[in-house]
């Protein structure tokens, strides 16, 4: 039972850590590297990738903690890992909610979207999402600490949140607040946005003046919908588990521990979003392919850009020569014009 569960969960953590970290860093690189990828939607995807990359970097510590049954990394890493967990949870759902509102504006209010949906505004919204997430992330950082529990065989160290007295009240209050603000409210907003979008897409055949733009609009909307749906599927079990254990006194058992860690692992699998981007979005797919296997034309362009740096002075000289020739021609024309005028006056 427990040994098999430990192996499965550790293996799952390892896969999510490697694929999630590499994939999300690659997504961020592609959005920064390619100008065509700097759209409002992709700026939000950058924020998701950043939050997911941070949380996947904590998985090795959590795997060791689960395997050893104790926290061997000290107080500072305890605070960092706990706060990153909460930052990821809130920043991800806030960003997905923002993306759903962004899609709603693009589909249902295309004229307003021209002013509202800009990369600059998307960056500002991302910063606001991180600031909002700090309302829970910073208190968690300050309250997280290592607690030593002595036993007859060995001292067990736990990385946990320290609540003021009465601790059960504040712990339950935190769990209820997380359930409401990081799950129920965002999911309701997302559901309303996509409900209105579906009605709009069904009632109107052509959303914009161009079939190509219309196809892109529907494609991006579908991609965001799938990303949101996967997030809800991955995070629903952990939220349900937390709220049940907060409201109902369930005795501790091996099955409960395995279920808890399985729910957490399922939540972390949501960090594999780059797989969805590569499968659903043609631009991401093309950029992934170009990054992994650069085409000969790309390599030639890179080589030509390097040689262009060394020969930059030559075009400048040609440009200066052309300017000199142009000025000399103008002088000749002016002299001829003046000569004709003088001849006219003299006659």
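In UniProt numbering, the protein residues as written are 1 to 347.
Ideal Cβ positions, reconstructed from N, Cα and C, are used throughout, including at glycine.
In this text the structure is predicted, and so the values were computed from the model without any measurement.
Asked: Test: residue 269 CB closer than 8 Å to a CB of chain D; Found: Chain labels in this structure do not include chain D; a single protein chain is all it has.
Asked: Any non-hydrogen atom of the ligand ZN closer than 7 Å to residue 237 Cβ; Found: The ligand ZN is absent from the structure shown, which contains no ligand whatsoever.
Asked: Completely contained alpha helix (DSSP H) runs for the region 174-223, where each covers 4 or more residues; Found: 185-203
Asked: Top-ranked residue by Cα proximity to residue 188, from 66, 270, 232; Found: 232
Asked: Close-in-space but distant-in-sequence residues of the same chain around residue 194 (CB under 7 Å, 5 per side omitted); Found: 100, 225
Asked: Segment contact, 8 Å Cβ cut-off, at least three pairs: the region 80-91 with the region 24-38; Found: no
Asked: Within 8 Å, strictly: CB atoms of residue 196 and residue 108; Found: yes
Asked: Exposed unless 16 or more other CB atoms sit within 10 angstroms - verdict on residue 229; Found: exposed
Asked: Beta carbon of residue 59 nearer than 8 Å to that of residue 6; Found: no
Asked: Assigned exposure category for residue 239 - 16 Cβ within 10 Å defines buried; Found: buried
Asked: Residue 273 versus 27, 185, 3, residue with shortest Cα-Cα distance; Found: 27
Asked: Beta-carbon contacts of residue 148 that lie in its chain and below 6 Å, excluding the five residues immediately before and after; Found: 155, 157
Asked: Distance between beta carbons of residue 203 and residue 56, contact taken as under 8 Å; Found: At roughly 41 Å, the Cβ-Cβ gap does not stay under 8 Å, so residue 56 and residue 203 are not in contact.
Asked: Validate contact between the region 248-258 and the region 276-290 using beta carbons, cut 8 Å, 3 pairs; Found: no
Asked: Span of the alpha helix (DSSP H) around residue 59; Found: 59-68
Asked: Complete beta strand (DSSP E) runs within the region 110-165 (minimum length 3 residues, chain order); Found: 144-149, 156-161
Asked: Proximal residues to residue 264 (C-beta, below 7 Å), its chain only, five neighbours per side dropped; Found: 238
Asked: Rounded straight-line distance, which links the Cα of residue 243 to that of residue 176; Found: 7 Å
Asked: Contact under 8 Å by Cβ, residue 122 with residue 43; Found: yes
Asked: For residue 40 and residue 119, believed in contact at Cβ under 8 Å, the rounded distance; Found: 6 Å
Asked: Check whether residue 103 and residue 221 have beta carbons under 8 Å apart; Found: yes
Asked: Cβ separation of residue 246 and residue 172, assumed to be a contact under 8 Å, to the nearest whole Å; Found: 5 Å
Asked: Where residue 73 falls: helix, strand or coil (DSSP); Found: coil
Asked: DSSP state of residue 251 mapped onto helix, strand, coil; Found: coil
Asked: Of the listed residues 146, 150, 153, nearest to residue 162 (C-alpha basis); Found: 146
Asked: Beta-carbon proximity of residue 259 to residue 241, cut-off 8 Å; Found: yes
Asked: Outcome for residue 334 when other beta-carbon atoms lying within 10 angstroms are tallied against a minimum of 16; Found: Here the model assigns residue 334 a pLDDT of 42, short of 50, so the residue's position is not dependable, and the following value carries that caveat. Burial call: exposed.
Asked: Residue 269 beta carbon less than 8 Å from that of residue 186; Found: no
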